[in-house]
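Colleague: Note that the protein sequences, when read in sequence, are chains A and B. Residues in the first sequence are numbered from 1 upward in steps of one, following UniProt numbering. Residues in the second sequence are numbered from 1 upward in steps of one, following UniProt numbering. Just so you know, even glycine gets a beta-carbon here, dropped at the ideal spot from N, CA and C. Quick one: the structure is below, questions incoming.
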Amino acid sequence: MDFATSEQPVSGTAEDGLPERTPLSASTTQGLKIVVVGGFGVGKTTMVSSVSDIRPLNTEETMTQAGEGIDDLSAVRGKTTTTIAFDFGRISLNERTVLYLFGAPGQERFWFLWNRLFSGTLGAVVLVDTRRLADSWYAIDRLEHHGTPFIVARNDFGGPEHTTEQIRDALDLPESVPLINCDARSRESSKEVLITLVDYLYALSAGHVHRP
Amino acid sequence: MSGPDRPDRPGRTSRSAREESPDRLYTVTGGRSHSDPKEFDLVTLVVSECSPTITMQSEHAAILRICQSPTAVVELAADLDLPISIVRILLGDLLSSGRITARHPRSTATDTASSLPDPDVLKQVLVGLRNL
């Protein structure tokens with residue numbers, strides 16, 4: 001089995017200077033986004049890669065900040081620049097709509113760029129590793145702060161068994177927020193995670209479920 | 001507050017060309033560094049309305065070549081190996097001169113934090129996902 005990692009960005013171009021991947025249909029008019037947030041090594045890129053039509057691509061955003069925290073790269077260069085790298089893939093849902101899936105790092109400085117990158121996102125999946133649950137606290141807090149609806153998916157690393165109740169407790173997650181187990185390497189399982197998120201968003205937007 | 005085990009830095013070590021050459025970015029945009037995120041969302045689809053010409057700046061020409069098929073802003077950034085904000089500036093140039101058109105996402109809920117996606121859009125996404 002092929003395990004995709006974020007260490008292998010793809011930006012291959014063919015001889016004619018065009019990207020080596022299937023272009024979107026000319027009739028595509030609507031782009032949507034879902035963000036998979038999680039700590040380092042939790043399987044974000046693996047999940048994106050499992051369901052994406054294309055091999056995940058990698059890009060970055062930079063932001064110059066005035067006196068907002070210290071960044072080790074900037075100390076060297078004498079500038080305060082935050083650079084956030086992220087992976088993404090896409091799924092063509094029909095001839096008009098394409099869904100982009102972003103794998104985003106959950107750490108502190110990333111959230112300065114949230115609005116700039118992910119405003120208008122349908123929702124988020126917080127991917128967690130039960131061996132490092134604390135990594136997810138900050139992400140959950142920030143998503144709540146930004147008013148972005150999310151579900152939590154526990155990527156199964158075969159570690160010690162925790163019941164979903166234990167995980168829910170540890171994350172202080174309201175009952176109404178879906179929490180599911182998944183295997184980010186599996187296309188079916190990753191698909192199920194996305195369906196669970198969109199089902200939840202639908203229930204929220206139709207007023208069947210109230211926001212926590 | 002940082003968690004008990006500090007996550008690794010997100011910066012890459014293998015592909016640092018962009019980070020090492022601020023001069024290049026400066027040149028690409030003619031010194032401009034501000035872009036309006038509202039103008040080009042990450043998933044705004046860009047379509048060329050003309051062919052590149054020889055006199056064009058190479059990045060502009062590359063965008064016009066790639067966008068013969070609709071291409072999202074974020075894909076362009078990955079293809080051009082440039083940060084999103086720089087690509088937004090380049091796209092602004094091409095848009096104002098009528099060389100590209102932009103298909104914006106329908107619901108750009110930029111300021112209403114509590115707004116939820118349109119149920120019809122969500123239904124469409126569910127059908128699409130189930131058919132995968």
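#1: Within its chain, find whatever has a CB closer than 6 Å to the CB of Leu-91/B; leave out the 5 residues flanking it on each side and keep chain order.
#2: By Cβ distance below 6 Å, which residues in the same chain neighbour Thr-44/B in space, the five residues on each side in sequence not counted?
#3: On a CA-only basis, which of Thr-196/A, Gln-30/A, Val-128/A is nearest Phe-157/A? Give me that one, please.
#4: Enumerate in chain order the residues of its own chain whose CB-to-CB distance from Ala-104/A is below 6 Å, with the five nearest sequence positions on each side excluded.
#5: At least one CB of chain A closer than 8 Å to the CB of Glu-75/B: is that the case?
#6: Looking at the secondary structure, which residues open and close the beta strand (DSSP E) in which Asn-115/A lies?
#7: Report all residues from its chain with a CB closer than 6 Å to the CB of Ala-77/B; omit the five preceding and five following residues, and keep chain order.
#8: Between the alpha carbons of Ile-66/B and Ser-119/A, how many angstroms are there, rounded?
#9: First and last residue of the beta strand (DSSP E) that includes Gly-89/A?
#10: Can you tell me whether Gly-158/A is helix, strand or coil according to DSSP?
#11: Would you please state the rounded distance, in angstroms, between the beta carbons of Tyr-200/A and Lys-123/B? I believe it to be under 8 Å.
#12: Going by beta carbon distance, what residues of the same chain come within less than 8 Å of Ala-75/A, once the five residues before and after it are set aside?
#13: Using the Cα positions of Thr-45/A and Gly-89/A, report the straight-line distance between them to the nearest angstrom.
#14: Take Gly-123/A and list the residues in its own chain whose beta-carbon comes closer than 7 Å to its own, dropping the five residues that flank it on each side.
#15: Is any beta-carbon of chain A found at less than 8 Å from that of residue 141/B?
#16: How about Ser-176/A and Pro-212/A: are their beta carbons less than 8 Å apart?
#17: On a Cα-Cα basis, can you pick out the residue from Asn-58/A, Thr-64/A, Thr-83/A, Asn-94/A that is closest to Glu-75/B?
#18: Output the boundary residues of the alpha helix (DSSP H) element that contains Met-47/A.
#19: DSSP has Lys-33/A in a bridge; who is on the other side?
#20: Is the shortest distance between the beta-carbon of Thr-28/A and the beta-carbons of chain C less than 8 Å?
#21: Residues of chain B with CB under 8 Å from Asp-199/A, in chain order?
#22: With respect to 7 Å, is the separation between the Cβ of Gln-107/A and the closest non-hydrogen atom of the ligand COA below this value?
#23: Leaving out five residues before and five after Glu-95/A in sequence, what residues of the same chain have Cβ atoms less than 8 Å from its Cβ?
#24: Per DSSP, what are the beta-bridge partners of Leu-179/A in this structure?
#25: Interface residues of chain A around Ser-96/B at Cβ under 7 Å?
#26: Tell me which same chain residues have a C-beta within less than 6 Å of the C-beta of Ala-153/A, skipping the five on either side of it?
Modeller: Short version:
#1: Phe-40
#2: Spatial neighbours of Thr-44/B in its own chain (CB-CB distance under 6 Å, excluding positions within 5 residues in sequence) are listed in chain order as Val-73, Ala-102, His-104.
#3: Val-128/A
#4: Val-35, Val-37, Phe-86
#5: yes
#6: Element bounds for Asn-115/A: not the beta strand (DSSP E) but the alpha helix (DSSP H), 114-118.
#7: Excluding sequence neighbours, Ala-77/B sits near Ile-84, Val-87.
#8: 25 Å
#9: 81-92
#10: The answer is coil: DSSP assigns Gly-158/A none of H, G, I, E or B.
#11: Their Cβ separation, rounded to whole angstroms, is 14 Å, which puts Tyr-200/A and Lys-123/B out of contact at 8 Å.
#12: The predicted model places Ala-75/A with a pLDDT of 45, which falls under 50 and marks its position as unreliable, so this point remains unresolved.
#13: 9 Å
#14: Ile-34, Thr-148, Pro-149, Phe-150, Leu-197, Leu-201
#15: Nothing can be reported for residue 141/B, as the shown portion of chain B is limited to 1 through 132.
#16: yes
#17: Comparing Cα-Cα distances from Glu-75/B to each of Asn-58/A, Thr-64/A, Thr-83/A, Asn-94/A, the minimum goes to Asn-58/A.
#18: Run containing Met-47/A: 44-51, per the alpha helix (DSSP H) assignment.
#19: Tyr-100/A
#20: In summary, chain C is missing from the structure at hand, where the protein chains are A and B.
#21: Leu-126
#22: What this structure holds is no ligand at all, so the ligand COA is not there to describe.
#23: The residues are Ser-25, Ser-27, Thr-28.
#24: Val-152/A
#25: Correct list: empty, because the minimum Cβ distance to chain A is about 21 Å.
#26: Val-125, Leu-127, Ile-180, Cys-182, Val-193
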